[in-house]
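In mature numbering (1 follows the signal peptide of the UniProt record, and there is no 0), the protein residues as written are -16 to -1, 1 to 353.
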Amino acid sequence: MGSLVLKLLLISVVFCDHGEAMAQYGQMDSSMRNLIGPEVLLARLDKLLDVCIENYEDLTTDLLLGVAIANGQVKSILADTHYENRSFIETLKKKGDYVESRINSIFSFPSSANAVVSKLLINSDFWKTDAEGDSEYNIFPDTLPSSDSIEDAIPAPAQRQSHGGRHTFHSYLRALQLGAPSELQSDECLSELLVNESENEFDTTVPAGGGASTHPRAPLLLSRECSNAMSLRKKSYGYHLTHKLLFYLILGKQHFSNIQQEFVTTAKDKLCEQILRESQLIADLSYPEIFRDLFMEQVFLCAYVGYAEFRNQSWLGEIVSWQNDAGCFKYYQDEGRVGPNALTTECSTHMTGVGAAVMGLFARLQLIG
């Protein structure tokens, strides 16, 4: 299921004030807090980072992206003046910085679209929340708008449970192979969003002399090819949906001159509404191992955007329970072996990267919003 950026997603966090963040989780009972409370999540993240440090030379871009995202959340906690218990968080940040630095020795001058995207996104500052800098997002978590106009093959929860709808385990598994964009299209279009083709990708802001640029940046225009590849009119499922959502999240940040922000907001609403139906289906199916990596990505991505339906304590508790004693998350098919998706016999790189991002995000949401 492939490439780094295509499976791990996210961007653009919704901000709420410190009191609202704590109130949101204030009804959590003690047993649940012992499983998914912020201190527990950060301790689990710490254990995961230790595994990365021990295997520093073998880290992949999938895992590094997840760590960079988690490290961005840790930096956001440190930047919040309300948070007082800073010593452990500062140690966590140092570990995250060290793991993240591995990207510099993996490649210095990427050429492929995936490598370019990886180089630019594996940067915790890119993912760090900044309430002043991301004013396009609401202060409080959004609730997805109800809409009967969005046709989707995933039936309502009651229909799924009675098998009266069109999707069961096997039909959903087949549906995941359908839709757009392809991995290559996702890489190329994300690269288009992140790199202005008229500029050098490694020196995009400062001219050779170090002074102010005398050549103003040309307006960014989204290509017709990427507009077609990411069209909301094309049916998509699973990773195809999360690929699209990541694209629209970054598109909203980059402010392309031929794209209106209202369109981006509508796109995120529609995509997360469809993703919610799939996430609920996976939960109704009792979280089959083959869907767990996808489920983690779905929950992380739409919770990161700010949709309240994905800040589900029982879903988070289920995800956290999948972390093994080694501190990692693992694909079911990698059991007992170091395969193409494994760091060690206990660690799948992509799944562990998503796990790091989930734990960092939900710790931040509970501590500072």
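Using N, Cα and C, we set each Cβ at its ideal position, and we do this for glycine too.
Owing to the predicted nature of the structure, the values given are computational and were not obtained by experimental measurement.
- Under DSSP, no beta-bridge partner is assigned to Thr249.
- Contact between Gly163 and Ser220 holds: their C-beta atoms lie close to 3 Å from each other, under 8 Å.
- Between the stretch 206 to 213 and the stretch 81 to 91 there are fewer than three C-beta pairs closer than 8 Å, too few to call the two in contact.
- Contact between His239 and Asp46 fails: their C-beta atoms lie close to 28 Å from each other, not under 8 Å.
- A buried status is given to Asp171, since no fewer than 16 other beta-carbon atoms sit within 10 Å of its beta-carbon.
- The beta-carbon separation of Val338 and Asp277, rounded to 7 Å, stays under the 8 Å limit for a contact.
- Its Cα nearest to that of Ile234, the residue Lys252 stands out among His224, Lys252, Ala54.
- A direct Cα-to-Cα measurement between Ser305 and Gln169 gives close to 34 Å.
- In this chain, Thr328 is not harboured by any alpha helix (DSSP H); it is covered by the beta strand (DSSP E) spanning 326 to 328.
- Residues Phe294, Arg295 of the same chain have their beta carbon placed closer than 6 Å to that of Ala287, with the five preceding and five following residues left out of the count.
- Contact between Tyr271 and Phe279 is confirmed by a C-beta separation of about 6 Å, below the 8 Å threshold.
- For the pair Ile73 and Ala341, the Cα-to-Cα distance works out to about 15 Å.
- Gly301 sits close to Leu19, with the two beta carbons spaced by under 8 Å.
- Secondary structure of Ser207 (DSSP, three-state): coil.
- Close CB contacts of Met16 within its chain, under the 7 Å cut and outside five residues either way in sequence, are with Gln297, Gly301 (chain order).
- One thing to note: Val51 has its Cβ within 8 Å of the Cβ of Cys36.
- Beyond the five residues adjoining it in sequence on each side, Pro203 comes within less than 6 Å, by CB distance, of Ser241 in the same chain, given in chain order.
- Per DSSP, Ser102 has no beta-bridge partner at all.
- By the Cβ-count criterion, Leu205 is exposed, with fewer than 16 other Cβ atoms from all chains shown falling within 10 Å of its own Cβ.
- Exclusion of the five residues before and after Ile266 leaves Phe275, Phe279 as the residues of its chain whose Cβ lies within less than 6 Å of its Cβ.
- Counted as a single uninterrupted DSSP element, the alpha helix (DSSP H) harbouring Met335 occupies residues 333 to 351.
- In this model, Ser215 and Glu38 are separated by some 42 Å (Cα to Cα).
- Taking C-alpha positions only, Ala97 is separated from Phe231 by approximately 14 Å.
- Per DSSP, the unbroken alpha helix (DSSP H) holding His227 starts and ends at 223 to 238.
- No Cβ-Cβ contact shorter than 8 Å links Thr226 with Leu32.
- Under the three-state reduction of DSSP, Tyr67 is assigned to coil, being neither helix nor strand.
- Listed in chain order, the non-local C-beta contacts of Asp34 below 7 Å within the same chain comprise Gly311, local neighbours out to five positions each way being set aside.
- Secondary structure note for Asp171: its alpha helix (DSSP H) is the uninterrupted segment 167 to 178.
- By alpha-carbon distance to Asn308, the top candidate from Phe247, Leu29, Trp299 is Leu29.
- In chain order, Glu176 place their CB closer than 7 Å to the CB of Ser207, counting only its own chain and leaving out the 5 sequence neighbours on each side.
- Here Phe153 is exposed: its Cβ has fewer than 16 other Cβ atoms, across all protein chains shown, within 10 Å.
- With a threshold of 16 other beta carbon atoms within 10 Å, Arg70 falls short and is exposed.
- For the 8 Å CB-CB criterion, Ala347 and Leu48 do not form a contact.
- About 5 Å separates the beta carbons of Ser60 and Lys112, which is inside the 8 Å limit, making them a contact pair.
- In the three-state scheme derived from DSSP, where H, G and I count as helix and E and B as strand, Arg86 is classed as coil.
- Here the C-alpha atom of Gly344 lies approximately 13 Å from the C-alpha atom of Ile303.
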